[in-house]
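Okay, so here's the structure we're looking at.
Protein chains: 2
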Amino acid sequence: MSLRNAVMAVLLDGEASGYDLAKAFDASVANFWMCTPQQLYRELDRMEADDLIRARTVEQERRPNKRLFSLTPRGLEALAEFTAEPHKPTAIRDELMVAVMAADAGDVEKVKASLRERRQWAEAKIGRYERIKAKLLDGRTEEEFLTTAERVGPYLTLLRGLSFERDNVRWCARCLTVLERRGARLDASP
Amino acid sequence: MSLRNAVMAVLLDGEASGYDLAKAFDASVANFWMCTPQQLYRELDRMEADDLIRARTVEQERRPNKRLFSLTPRGLEALAEFTAEPHKPTAIRDELMVAVMAADAGDVEKVKASLRERRQWAEAKIGRYERIKAKLLDGRTEEEFLTTAERVGPYLTLLRGLSFERDNVRWCARCLTVLERRGARLDASP
DNA sequence: CCCAAATACTCAACTTGTTGACTAGGTCGC
DNA sequence: GCGACCTAGTCAACAAGTTGAGTATTTGGG
Chain P
29 MSLRNAVMAV LLDGEASGYD LAKAFDASVA NFWMCTPQQL YRELDRMEAD
79 DLIRARTVEQ ERRPNKRLFS LTPRGLEALA EFTAEPHKPT AIRDELMVAV
129 MAADAGDVEK VKASLRERRQ WAEAKIGRYE RIKAKLLDGR TEEEFLTTAE
179 RVGPYLTLLR GLSFERDNVR WCARCLTVLE RRGARLDASP
Chain G
29 MSLRNAVMAV LLDGEASGYD LAKAFDASVA NFWMCTPQQL YRELDRMEAD
79 DLIRARTVEQ ERRPNKRLFS LTPRGLEALA EFTAEPHKPT AIRDELMVAV
129 MAADAGDVEK VKASLRERRQ WAEAKIGRYE RIKAKLLDGR TEEEFLTTAE
179 RVGPYLTLLR GLSFERDNVR WCARCLTVLE RRGARLDASP
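Protein sequence lines correspond, in order, to chains P and G.
Residue numbers 29 to 218, in our numbering, belong to the letters of the first sequence in order.
Residue numbers 29 to 218, in our numbering, belong to the letters of the second sequence in order.
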C-alpha cells in the first residue's frame, strides 16, 4: 500500500515509464524501498485506476510502445497527505546479519567470504552514490545547492544511503577482524 | 522461508517460548529482522513439523501452559548450512525516507515532526542497546570479551544495530537543520 | 555474423506478511 | 477494587511480495 508513495516521490521529477521507474528504484530509491519490476507494474495499474497517475502511451517506431506516467493533481495531493501522516518504523531484513549472529555455530570461513562480498558491494554502491551526488550538486557546493535547489529531498535521502553504506563497510571490516582473530585463537588454544 | 534461520539463531542461546522469541526479536533481532508474533507462531509450528526444533510443554500453575522450543540436531545442521550459503542483499523499507524524499512537495512541518520522533526513538534504542551491550560484556573489556566469550555473533550484530541508530540520529538532525534553514529562506525571499 | 544485453513489459502460482479480534488468568498501581 | 498492562498464545481473512517464465525488438561488442 505504500509502494505507491515511493513511486509518486520519484514521479515528482517528471514523467517516467515503468522501466525508468524500475531503474530509478534500483539506483537510488533502493536505500529505503526495494521492489521488483513486477510489483511496480502491478502497482502502476492500480494507481492509474485510482487516478493518482496518468499514462500517456508513446508509440515507438522500432520498439514496443511504452507508457509514460505522470502525477495527477490527485496524486500530488495524496503524496502531500502521506508526508503529513505518521510513519511506520523502519523494516529491515538482512540475511547476512542472521548469518553473523549464528556464525559461532556455523561455517565461519563462508560467513567471512559473505562479509567480504558485502563490503565490496557496499563500496561499489558508495561509488555510484557519489556520482549521483556530484550530478545533483552540478558544480555547486553543498551550501549553495541546499539554498538554491528546488528540491532537497532526493539529496537528503542520498546522504542517508551514503552513510548507511559507509557504515556497512566499516562493520564488515570489523566483523572480519574479529572473526579472523578468533579463528587464530581457536586454532592455537585447544 | 528465512525467518526460521533468525529463529534458530536466537535458539542457540537456549530454550525459549514463542513469547520469549517475540521479545528477543523486539529487543535485539529487530535491527536486521522484523516480524510480528503471528508470523513467529506460524513459523514455529512449521519448524516443529520439519524437525528443526522440538517443543517441550511446560504446565504452569497459575498461567496458561507454555511450549519451550529448542534446536534439534537437524536444526543446528540446517542453521550451519544457512551460514554457508550466499545471502540476499539487505531489504529495507522506510516510510520516513519516502516522506523526506517527497518533503519538497509535502507538509514540511509534519515531516520535521516525524524526523524528531524518529530521532527520539533512535536515541531510546541506543540506550537499550547500550544496556544489552553492558550485560553481554559483563564487566569485561571488549578485548577480553572477544577472546573469551563462547559466542561473538550476537555482539557483532548488536554493534551494527548501535551504529545504525547513531547514524539515524545524525541523519535526522541533519535533515532537520536543512529543512529549518530552507523554511527560513522560503519565508523571507518570495 | 552471432550472442548478449537493453528496452518494455505481462502472466500465473506461490509464499510471506499484516490486521484485527479473541481467550484467559495474573499482577501492579492508584 | 478496578482498569490497564503482562504472559502466552490462537484464528481467519486479506494484502503484499517473490519467483520464474515468456514476448518481442534493437543496439553494441567481439
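Where is the CB? At the ideal position from N, CA and C, for every residue including glycine.
Measure the C-alpha to C-alpha separation of Asp-41(G) and Arg-198(P) and round it to an integer number of angstroms.
27 Å
Under 8 Å, Cβ to Cβ, is there at least one residue of chain P near Leu-68(G)?
no
Residues in the region 95-114 of chain P having any Cβ partner in chain G nearer than 7 Å
Leu-104, Leu-107, Ala-108, Phe-110, Thr-111, Ala-112 and Pro-114
Chain-order list of residues whose beta-carbon lies under 6 Å from that of Asn-196(G) (same chain, five-residue window excluded)
Ala-150
Supposed contact pair Ala-83(G) and Arg-95(G) - C-beta distance, whole angstroms, cut 8 Å
4 Å
Note down, in chain order, every chain P residue with its Cβ under 7 Å from the Cβ of Met-129(G).
Ala-37, Gly-181, Pro-182 and Thr-185
Quick one: what does DSSP say Ala-130(P) is sitting in, helix, strand or coil?
coil
Note the first and the last residue of the continuous beta strand (DSSP E) segment covering Lys-94(G).
94-99
Same chain, Cβ closer than 7 Å to Thr-230(P), five either side skipped, listed in chain order:
Examination of residue 230(P) is not possible in this model, given that chain P is present from 29 through 218 alone.
Can you tell me whether Ala-6(G) is helix, strand or coil according to DSSP?
Look at the range of chain G in this structure, 29 to 218, and you will see that residue 6(G) is not part of it.
To the nearest angstrom, how far is it from the Cα of Ala-141(P) to the Cα of Cys-203(P)?
11 Å
Measuring CB atoms only, is the region 118-136 of chain G touching the region 105-120 of chain P, in the sense that at least three cross pairs come out at less than 8 Å?
yes
Residues in the region 195-206 of chain G with C-beta within 9 Å of chain P's C-beta atoms, listed in sequence order?
Asp-195, Asn-196, Arg-198, Trp-199, Arg-202, Cys-203 and Val-206
Using a Cβ-Cβ distance cut-off of 8 Å, determine whether Thr-16(P) contacts chain G.
Only positions 29 to 218 of chain P appear in the structure, and residue 16(P) is not among them; the question remains open.
Along the chain, where does the alpha helix (DSSP H) that runs through Arg-147(P) open and close?
136-165
Just to make sure I have the definition right: I need the residues of chain P whose C-beta is within less than 8 Å of the C-beta of Glu-178(G). Which are they?
Asp-132
Where Arg-159(G) falls, given that 16 or more other Cβ within 10 Å makes a residue buried:
exposed
Please confirm whether Leu-80(P) and Gly-103(P) have their CB atoms less than 8 Å apart.
yes
By alpha-carbon positions, which one of Gly-189(G), Arg-210(G), Arg-194(G) and Gly-155(G) ends up nearest to Val-128(P)?
Gly-189(G)
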